[in-house]
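Student: Questions regarding the structure given below will be posed in turn.
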Amino acid sequence: MDSKVQSIISYLFFPIGWLIAYFGGKEKNELSRYHFKQSLGLGITLIIIFIILGIIGAIIPKIVAIVGGLVSLCALIFMILGIVNAANEEKKALPVIGKFFENQFAFIDK
1 MDSKVQSIIS YLFFPIGWLI AYFGGKEKNE LSRYHFKQSL GLGITLIIIF IILGIIGAII
61 PKIVAIVGGL VSLCALIFMI LGIVNAANEE KKALPVIGKF FENQFAFIDK
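Numbering (the working numbering), first residue to last: 1 to 110.
Have a look at this one:
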């Protein structure tokens, strides 16, 4: 599996895409590692946001429905941006959260 395909798959099908991207390639080059980190960061951020929204939802359910929808829409846009960047073989950070995750997840670099 080449690095472009690995990079694209990492944004698809959380968390199965992560496993495919991590274990699927015999060689892990810089591009696939970069996009795997971005995708993993996006996924972890979404999990944390939805846990918080679940807690808030017990108190104010209507607001959570609206905010949850907006978060989901933003996540979809971020995934599309990541896929486009991976398809173009560019290492561009995702908006808002991407810069933070560029230097995280040291286990991916090994």
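Cβ atoms here follow ideal geometry from the backbone N, Cα and C, with glycine treated the same way. This one's a predicted model, so the numbers in the text were calculated from it and none came from an experiment.
1) I'd like to know if the region 28 to 47 and the region 65 to 81 are in contact, where contact means that at least 3 CB-CB pairs between them fall below 8 Å.
2) What residue range is occupied by the uninterrupted alpha helix (DSSP H) comprising residue 6?
3) Where does residue 95 sit, in a helix, a strand or coil, going by DSSP?
4) Figure out for me which residue from 2, 74, 104, 7 has the closest Cα to the Cα of residue 95.
5) I'd like to check one pair, residue 36 with residue 21: are the Cβ atoms closer than 8 Å?
6) Assuming residue 7 and residue 31 are in contact, meaning their beta carbons sit under 8 Å apart, how far apart are those beta carbons, in whole angstroms?
7) Between which residues of its own chain and residue 89 is the CB-CB distance below 7 Å, once the five residues before and five after are set aside?
Tutor: By the coordinates alone:
1) yes
2) 3 to 11
3) coil
4) 74
5) yes
6) 6 Å
7) 4, 31
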